[in-house]
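Peer 1: Using my numbering, read the sequence shown as starting at 127 and increasing by one per residue.
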Amino acid sequence: MSQLLERLRAGSSVRGEARVGDIAFELRLLTEADYLEAGTATLEHFKAAGVEFGMASADLFEDEKSRQLLMRALYDPETSKAVFESPSLIRKVLTRDQKFALVEQYVEFEKCYSPSERNMDDAAFQALLDEVKKTPETARLNDSSSATLRRLITALAGQPSI
Numbered sequence: 127m128s129q130l131l132e133r134l135r136a137g138s139s140v141r142g143e144a145r146v147g148d149i150a151f152e153l154r155l156l157t158e159a160d161y162l163e164a165g166t167a168t169l170e171h172f173k174a175a176g177v178e179f180g181m182a183s184a185d186l187f188e189d190e191k192s193r194q195l196l197m198r199a200l201y202d203p204e205t206s207k208a209v210f211e212s213p214s215l216i217r218k219v220l221t222r223d224q225k226f227a228l229v230e231q232y233v234e235f236e237k238c239y240s241p242s243e244r245n246m247d248d249a250a251f252q253a254l255l256d257e258v259k260k261t262p263e264t265a266r267l268n269d270s271s272s273a274t275l276r277r278l279i280t281a282l283a284g285q286p287s288i
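In structure tokens:
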């Protein structure tokens, strides 16, 4: 396997922490495969239930997808095993507020390792732009989304040359 793929895999093994009250969970950084599996499982869940897709079911879809993602992201810090084996168990155990809190903590965790234009404020973007100007080969570009890279190119191309 190439060194690039090894580096990417190492990045996806990053662990974090989430809390609900005094209960700590280990977070695993989700991959594109996890997002695809979660989306597909959500679609299958609604097809099996006979739910029509549309504006009325959009919130239900996003709620179920967040359960699918949490099922893949939450681990027991003592055993390193998944806490929930199914989204239905999440529905039975967590309150809406607890689920929302865990999703928010996961999103904050992911922001640290997946810088993206959709979650980068102007100050963070300016810091990245300054870093690229000083050190164009910065490793942080490896983790940037295509939207962030386009924004960087536009910002750099629009600057007067000296």
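We put the CB at the ideal spot given by N, CA and C, even for glycine.
1. Would residue 153 pass as a contact of residue 163 if the rule is Cβ separation under 8 Å?
2. In the DSSP output, which residue or residues are listed as bridge partners for residue 201?
3. Within 10 Å of its beta-carbon, does residue 276 have 16 or more other beta-carbons around it, so buried, or fewer, so exposed?
4. Taking the C-alpha atoms as reference points, what is the distance between residue 222 and residue 250?
5. Just checking my contact of residue 231 with residue 213 at CB under 8 Å: how many whole Å lie between their CB atoms?
6. State yes or no: is the C-beta of residue 246 nearer than 7 Å to some heavy atom of the ligand FMN?
7. With a threshold of 7 Å on Cβ separation, who are the neighbours of residue 171 within its own chain once the five nearest residues in sequence on each side are excluded?
8. Rounded to whole angstroms, what's the CA-CA distance from residue 260 to residue 233? Just pull it up for me.
9. By the DSSP assignment, the alpha helix (DSSP H) with residue 263 in it spans what residues?
10. Spatial neighbours of residue 192 within its chain, please: C-beta separation below 8 Å, excluding the five flanking residues on both sides.
11. Along the chain, where does the beta strand (DSSP E) containing residue 85 start, and where does it finish?
12. Helix, strand or coil for residue 146, going by three-state DSSP, please let me know.
13. Does the Cβ of residue 96 have 16 or more other Cβ atoms within 10 Å, making it buried, or fewer, making it exposed?
Peer 2: Once the coordinates are examined:
1. In this structure, residue 163 does not lie closer than 8 Å to residue 153 by Cβ.
2. According to DSSP, which records beta bridges pairwise, residue 201 is partnered with 152 and 208.
3. Burial call: exposed.
4. 31 Å
5. About 18 Å; that fails the 8 Å criterion.
6. The ligand FMN is absent from the structure shown, which contains no ligands of any kind.
7. 190
8. 29 Å
9. Unbroken run through residue 263: none, as it is neither H nor E.
10. 225 and 229
11. Outside the displayed span of the chain (127 to 288) sits residue 85, for which this structure offers no information.
12. strand
13. Outside the displayed span of the chain (127 to 288) sits residue 96, for which this structure offers no information.
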